[in-house]
Structure formats: structure tokens, C-alpha cells
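Take a look at the structure below.
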Amino acid sequence: MVVRTASGVENLGKVAEIQQDGSPLQIGVQGEYGGKSFEIVGRIQLAYGDGYWNEWHLMYSNGETGWLGEAMGEYFVSFQSQTNPPGEHSVALGEGLNFGGHIYAVTGFTRNKVSAYEGELPFLVDTTEEFSTYDLRSVNGKAATIDYSGDQPTLFEGEYKLFQSFKFAGFRQEGEPPDPAMGMRVPASAGGVDKFNCPTCGAPHSVNGGVRSKVLVCEYCGSAVDISGSSVNVIWQEEQMRQQLQGGTDIPIGSTATLDGVEFQVIGYVKKSVTYQGVNYPWIEYLMYNFTNGYRWLVESDGHYTLMNTLFEVPQSPGGGPVCSPSAQTVKYQGTDYRHFQTSRARVDAVAGEFYWRVKVGDEAANFDYIAPPHSLSCESSETGFVWARGDYKTPDEIRQLFGVQKALRPPVGVAPAQPNPYVSESKTVWNTFWAASLVGFLLLAMGLISGSGGELYRTKGLTYQTYRQNAPGVSEKTFEIKGHGNVALDFKAGLSSRWLFVKAILENQETKKTYPIGVTLENFYGKGSTERTVRESGIPNGTYKLRWEVQSGTTTSTAEKVDEKKKSDKVSYSITVHRGARVWGWYFFMVLVLLPIPIVLTSKKSGFETRRWYNSDYG
Numbered sequence: 028m029v030v031r032t033a034s035g036v037e038n039l040g041k042v043a044e045i046q047q048d049g050s051p052l053q054i055g056v057q058g059e060y061g062g063k064s065f066e067i068v069g070r071i072q073l074a075y076g077d078g079y080w081n082e083w084h085l086m087y088s089n090g091e092t093g094w095l096g097e098a099m100g101e102y103f104v105s106f107q108s109q110t111n112p113p114g115e116h117s118v119a120l121g122e123g124l125n126f127g128g129h130i131y132a133v134t135g136f137t138r139n140k141v142s143a144y145e146g147e148l149p150f151l152v153d154t155t156e157e158f159s160t161y162d163l164r165s166v167n168g169k170a171a172t173i174d175y176s177g178d179q180p181t182l183f184e185g186e187y188k189l190f191q192s193f194k195f196a197g198f199r200q201e202g203e204p205p206d207p208a209m210g211m212r213v214p215a216s217a218g219g220v221d222k223f224n225c226p227t228c229g230a231p232h233s234v235n236g237g238v239r240s241k242v243l244v245c246e247y248c249g250s251a252v253d254i255s256g257s258s259v260n261v262i263w264q265e266e267q268m269r270q271q272l273q274g275g276t277d278i279p280i281g282s283t284a285t286l287d288g289v290e291f292q293v294i295g296y297v298k299k300s301v302t303y304q305g306v307n308y309p310w311i312e313y314l315m316y317n318f319t320n321g322y323r324w325l326v327e328s329d330g331h332y333t334l335m336n337t338l339f340e341v342p343q344s345p346g347g348g349p350v351c352s353p354s355a356q357t358v359k360y361q362g363t364d365y366r367h368f369q370t371s372r373a374r375v376d377a378v379a380g381e382f383y384w385r386v387k388v389g390d391e392a393a394n395f396d397y398i399a400p401p402h403s404l405s406c407e408s409s410e411t412g413f414v415w416a417r418g419d420y421k422t423p424d425e426i427r428q429l430f431g432v433q434k435a436l437r438p439p440v441g442v443a444p445a446q447p448n449p450y451v452s453e454s455k456t457v458w459n460t461f462w463a464a465s466l467v468g469f470l471l472l473a474m475g476l477i478s479g480s481g482g483e484l485y486r487t488k489g490l491t492y493q494t495y496r497q498n499a500p501g502v503s504e505k506t507f508e509i510k511g512h513g514n515v516a517l518d519f520k521a522g523l524s525s526r527w528l529f530v531k532a533i534l535e536n537q538e539t540k541k542t543y544p545i546g547v548t549l550e551n552f553y554g555k556g557s558t559e560r561t562v563r564e565s566g567i568p569n570g571t572y573k574l575r576w577e578v579q580s581g582t583t584t585s586t587a588e589k590v591d592e593k594k595k596s597d598k599v600s601y602s603i604t605v606h607r608g609a610r611v612w613g614w615y616f617f618m619v620l621v622l623l624p625i626p627i628v629l630t631s632k633k634s635g636f637e638t639r640r641w642y643n644s645d646y647g
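Under this note's numbering, residues 28 to 647 are what the sequence shown spells out, in order.
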């Protein structure tokens with residue numbers, strides 16, 4: 028190990044041996060970030076809990092230095108900040124911190140100790156003392172770490188990135204040992220074994236998760252085998268778990284699926300449950316592994332599947348900042364609002380396969396679930412922090428295709444929290460079509476652009492009525508043809524002032540002599556009443572017709588008025604027009620009423636689907 032100082036490079040000799048942690052990176056690997064190339068020149072390996080994480084020292088092409096944190100397939104590139112963070116005892120999980128305009132949520136806390144280091148580093152490393160670190164994340168992908176290993180706390184700011192984004196060259200492939208010059212051994216598993224027989228039942232097992240796997244639980248007898256040491260040892264066994272493991276799962280351990288262009292392999296599964304009002308609700312979580320990209324989860328519940336991916340950022344709270352405590356009713360992620368579905372405490376009932384932590388039956392964790400179908404957000408909270416993951420709903424057929432499962436998966440039961448409502452799109456389309464058709468029909472009718480066929484058939488000319496007369500008969504001067512289809516309408520108009528006018532019209536078929544009487548009253552008293560009326564008749568057959576009519580008028584409610592010499596000269600003008608195929612508003616509204624139940628039924632189905640979805644929530 029060497030340390031670069033102001034006076035040069037100082038060789039400090041050999042240090043503790045690097046422990047195998049399954050990293051694809053090694054000293055000498057080159058990559059890119061922010062448009063600049065870099066080379067890995069050193070590493071600090073830290074031990075925490077059940078595993079290790081690495082801080083790789085980066086030397087950029089422009090002479091700058093930085094760090095690349097790596098743990099369980101997550102990669103955090105960072106640079107030391109000039110901002111002075113608060114003291115260790117002034118920081119708490121779940122609070123928000125503002126550094127240079129970036130608001131972070133404190134999401135994680137760990138106690139660490141340097142396990143080993145190698146290569147070129149910018150400072151001397153203390154391997155004797157434990158120290159604390161806090162992980163901070165924001166809504167925009169920015170992240171930070173507060174390091175309390177020195178006399179003064181240090182802030183490192185940066186962001187999480189996918190392995191592929193760094194365009195690494197010279198990294199170690201799975202199963203390939205690192206540079207022999209480093210003097211490092213690389214076993215397939217942490218215990219140095221690829222295959223072994225279960226110490227309890229003798230069942231053969233292969234290690235698929237590499238050196239990151241700490242425990243393998245035999246799916247035949249339920250024995251948990253520690254594979255992190257130089258030999259395999261049973262650390263616990265649950266006799267009752269054997270029944271939970273009988274029959275296995277629909278997706279066998281060893282199955283592979285390509286997600287976002289990366290192949291993941293199923294290496295284990297956990298059967299969990301929650302108990303609500305005395306009822307147990309179980310589900311299965313499949314753990315998937317990739318050498319360079321770490322872990323993904325597949326959750327199955329009642330035949331419904333959700334692919335889960337750990338988020339680099341945290342959702343946005345209703346107040347606009349990052350979610351510091353997963354208890355809000357709504358959160359926002361990438362512009363989408365997610366509603367709180369339920370809060371639960373999940374219990375591990377059974378496990379099988381490999382895991383990167385020492386899982387055991389009875390483990391519990393608090394879960395906060397939010398939905399925006401077909402997506403979901405889930406937050407798992409513990410005493411060391413909280414982790415957000417985003418889920419994408421998948422059907423059994425989609426899962427069969429992803430994992431190449433030959434047998435049919437069991438059909439879904441009920442409605443899943445993030446299952447898309449199949450009636451939303453259909454209901455929206457039908458409603459939009461209904462309103463569009465109704466509007467178009469209304470406008471066309473209102474403008475008279477649709478009215479059947481035939482148009483105007485007959486119009487009277489210059490009709491007047493002398494007010495003193497008891498009756499004024501009339502007849503069309505010529506015949507007219509009624510043909511085509513649609514109603515027959517008669518338009519009546521009169522110039523009235525403080526007077527009423529009654530018109531009795533008769534359509535007479537010249538071939539059959541059958542008559543069709545139509546009567547209408549027009550009136551205007553003190554500006555009230557109607558001087559125009561339209562009467563529509565259906566069932567009038569095509570043929571040759573004449574129009575006959577009689578007219579009566581008065582100034583009172585009586586049917587006739589007394590003859591007044593002064594009024595003999597008073598006249599009332601009126602007209603009658605006959606149309607074929609007149610605007611049929613009645614039929615229009617009838618058709619609207621006939622079609623209206625279709626979108627209403629779909630809306631009802633949509634609502635019923637949502638009712639079933641929320642039945643098992645905290646709000647059901």
C-alpha cells in the first residue's frame with residue numbers, strides 16, 4: 028500500500044489481506060464518469076454486519092480524485108465536499124438535511140471497521156477503531172455520505188449509477204480470479220466451495236450467488252448452512268418449516284430472466300406473511316442475482332407478480348422535499364402520485380436457497396406500500412434505516428415468458444394492489460366516444476344538416492286572415508309529392524299581437540283519399556306565447572298529397588269574437604310549410620338514452636374493480 032502525500036509517494040508495506048466480497052472491480056480497472064475517464068488505483072474494504080463494502084479510490088484523467096462506493100451491486104460515485112456536516116450525535120434517521128441547496132433524507136446508518144486496504148490512497152487508514160456512517164438520498168438521484176472516521180466529520184456527495192453506465196474496462200468476469208499480482212484468492216463462494224451436500228439430509232447444492240452469499244437454506248430439510256467460512260456448518264433448523272417448503276415454488280431456484288438487458292438468476296426465496304384481524308395473508312419473495320448488478324426481487328401473491336427494483340433516490344413528500352419518514356398518505360415519484368395502500372409488519376415463515384444476509388424464520392420488518400397501478404412503491408424500514416423499491420405488475424403469462432417456465436402458473440385470485448384496472452381504458456374510450464357522438468349528432472341536428480331526405484315539400488304564399496270572420500278555409504293550389512323517409516313536419520308561423528290563432532291542417536292522400544289531421548294554436552299576449560310551432564308526424568306514407576286548412580282567431584279565450592265594424596279591416600298574416608325528413612330530436616334523445624347504459628355499465632365495473640382492490644388495504 029502506498030500513500031500519496033505532498034512530498035511524494037510513501038510505501039507503507041503490506042497490510043491485512045483483502046477478503047473476498049464478490050466484487051467485479053479491482054485495481055487497474057478503467058471507467059468513465061461525467062465525460063472524464065478514470066482508473067481505480069486503491070481500495071478500502073470495510074466490514075459491517077454480515078458483509079463487506081468497498082471504497083474504490085479513483086484517479087481521473089485531469090488529475091482529480093474521487094471515490095466509488097460499492098456494496099451488493101450498487102455503485103455510488105462521490106467527491107469530498109467542502110461543506111461541514113453536523114456532528115454524529117446531531118444526525119438521526121429519517122430527518123432532512125440541506126447541504127448547498129440539496130435536500131437529503133437520512134436513510135441509513137451503519138457501524139463500520141476497516142477490514143483491509145490496498146493500492147494507492149490519499150491518507151493513512153486506521154484499522155483499529157469502529158466508526159459510523161450515515162447514508163443520505165434525495166428525490167433527484169443525488170446522494171451523500173457522512174463519514175465519522177476522522178477527527179472531524181466529512182461529507183461526500185455524488186450519485187448512484189448503474190454498473191453499465193461507467194463503461195468499465197478490465198473488470199473481473201464472474202468466476203474469474205483477480206489480478207494474480209494482488210495476491211488474492213477468489214473462491215466461488217465465501218467458504219471456498221462451489222458445491223456441497225447438506226450436512227443434515229445430504230441433498231446436493233450448488234452455490235449460485237458467489238462469495239456474497241452468506242447462508243444457504245436447504246429446500247429439502249430446511250437446514251440453514253453457513254457458507255461464509257472455510258467449512259459449511261448448520262446454524263439453525265426449523266422443523267415446522269419443512270411443511271412450508273413442501274411442493275417448492277412455481278419458479279424453481281436456478282431459473283433465469285433478462286431484465287433491462289441484464290440476466291438475473293433466482294438463487295433463493297422467502298415465504299412471508301402478515302396477520303390482520305386473525306387472518307394470515309402469505310406471499311413469496313424470490314431473490315435474483317447478477318454478478319455486476321447485484322439483486323432484484325420478484326414478489327408473488329395469490330397468483331399476482333411484481334418485479335421490484337431498489338431505488339437510488341427517495342420519493343417526494345407532499346411538501347416537496349424527500350420522504351424522510353414513510354408515513355405520508357401520498358408520495359410522488361418521477362411525476363406520478365402514489366397513494367398509501369397499507370402499512371404492515373411482515374414475518375418470515377420459511378426460506379430456501381442463498382441469501383446475502385443471515386436470514387432466519389421469525390425475522391420481522393415494517394413495510395409501507397404505495398400504489399399507482401401498474402406501479403407500486405414499497406419501503407422497508409428497520410432500526411438501521413429504510414429502503415425504497417419500485418414495483419412493476421406482471422401477469423403470470425409475462426412471468427412464464429421471462430423465466431422460461433413451461434408449466435402454467437396458477438391463475439390470479441382477487442385484485443392485486445398494483446394490478447391495472449382493465450376497465451379504465453375501455454371506460455374512458457367508450458365515454459369519449461359517447462360524448463363525441465352525442466355532440467356531433469346534436470350539432471348536425473341543430474344546424475339541420477341531418478334530417479332524413481326530401482326537404483321542403485310545400486310552402487303557402489301570402490296568407491292572411493280577416494279577424495272578423497268566424498272561419499277561413501284554404502287549400503293548396505297544387506299537389507306535392509311526399510317521398511323518401513323520415514317524419515313529416517308542418518311549420519306554422521303568424522304575426523300576432525294580443526291575439527290567438529288556431530290552424531287545423533289536413534294532409535289528404537290523392538290516391539287513397541286518406542286524411543291526416545294536424546292542429547296547432549299560436550298566440551301572443553303581452554309578449555308571452557309562441558307565434559311559431561312545428562308539428563311532426565310519423566307514419567305518413569309516400570304519395571301525392573294536397574294540403575287543406577281552416578283558421579280561427581280571437582283576442583280572448585273564446586273561439587270567436589263579435590263583429591266590430593272598426594275591426595273588419597284588421598288582418599293577420601300566417602304561413603304553413605310542409606317538410607319531409609324533419610329534424611328528429613325525439614329520436615336523437617331516444618338513441619342517447621339507449622346508448623347511455625353502455626358507458627355506465629363499464630364505469631360500474633371499473634368502480635367495482637377498485638372496490639375489490641382497496642378491500643384488503645388499510646382503508647377497506
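Think of the CB as a built atom: it goes at the ideal place given N, C-alpha and C, for glycine as much as any other residue. Computed from a predicted model, the values in this text were never measured in an experiment.
Non-local C-beta neighbours of A171 in its own chain, meaning closer than 7 Å and more than five positions away in sequence, comprise F126, Y131, L163, L182, F183, E184, ordered along the chain. With a threshold of 16 other beta carbon atoms within 10 Å, S258 falls short and is exposed.
Going by C-alpha positions, K505 is about 17 Å away from E577. W83 and G635 have their alpha carbons spaced roughly 54 Å apart. Bounds of the alpha helix (DSSP H) holding P624 are 624-642. Distances from the alpha-carbon of V301 to those of W310, S557, Y60 put W310 closest. Annotation for F382: V242, G295 place their beta carbon closer than 6 Å to its own, counting only its chain and skipping 5 residues before and after. In the DSSP assignment, the residues bridged to N551 are R526. In the DSSP assignment, the residues bridged to H606 are E483, A516. Counting C-beta pairs with one atom in each stretch, the region 344-363 and the region 371-389 have fewer than three that are closer than 8 Å, which means they do not touch. P438 sits close to P423, with the two beta carbons spaced by under 9 Å.
Beta bridge pairing from DSSP links G96 with E82, F103. E508 is bridged by DSSP to T571. Counting C-beta atoms within 10 angstroms of its own C-beta, G418 has 16 or more neighbours from the protein chains shown and is therefore classed as buried. Shown here, D253 sits in a strand according to DSSP, grouped into three states. Between the alpha carbons of V289 and N317 lies a gap of roughly 8 Å.
In the three-state scheme derived from DSSP, where H, G and I count as helix and E and B as strand, K598 is classed as strand.
Contact annotation: F198 and T319 have beta-carbon atoms nearer than 9 Å.
N89 carries a coil assignment under DSSP once its states are collapsed to helix, strand and coil. Under the three-state reduction of DSSP output, K455 falls in the helix class.
Taking Q264 as reference, the option from D376, F223, L286, K222 with the minimal CA-CA separation is D376. P309 carries a strand assignment under DSSP once its states are collapsed to helix, strand and coil.
Contact between the region 134-142 and the region 84-92 is absent, with fewer than three C-beta pairs closer than 8 Å. The three-state secondary structure of D424, taken from DSSP, is helix. Between the C-alpha atoms of G554 and H606 there is a straight-line separation of about 28 Å. Using a 10 angstroms sphere on the CB of Y303, the tally of other CB atoms stays under 16, which defines it as exposed. Here the alpha carbon of S565 sits roughly 57 Å from the alpha carbon of N643.
For A532, the secondary structure class from DSSP, reduced to helix, strand or coil, is strand. L549 and A516 do not touch by the CB rule: their CB atoms are close to 16 Å apart, not below 8 Å. Taking the Cα positions, P500 is about 42 Å away from V619. Under DSSP, the beta-bridge partners assigned to S371 are N394. Around the beta carbon of F519, a 10 Å sphere encloses 16 or more other beta carbons of the protein chains shown; the residue is thus reported as buried. The beta carbon of G96 is closer than 6 Å to those of E82, F103 in its chain, skipping five residues each way along the sequence.
Comparing C-alpha distances from G49 to each of T494, G78, V56 shows the shortest one belongs to G78.
Ranked by Cα distance from W641, the options R366, D287, T558, Q292 are led by R366. Counting along the chain, E246 sits inside no beta strand (DSSP E), nor does DSSP assign it H or E at all.
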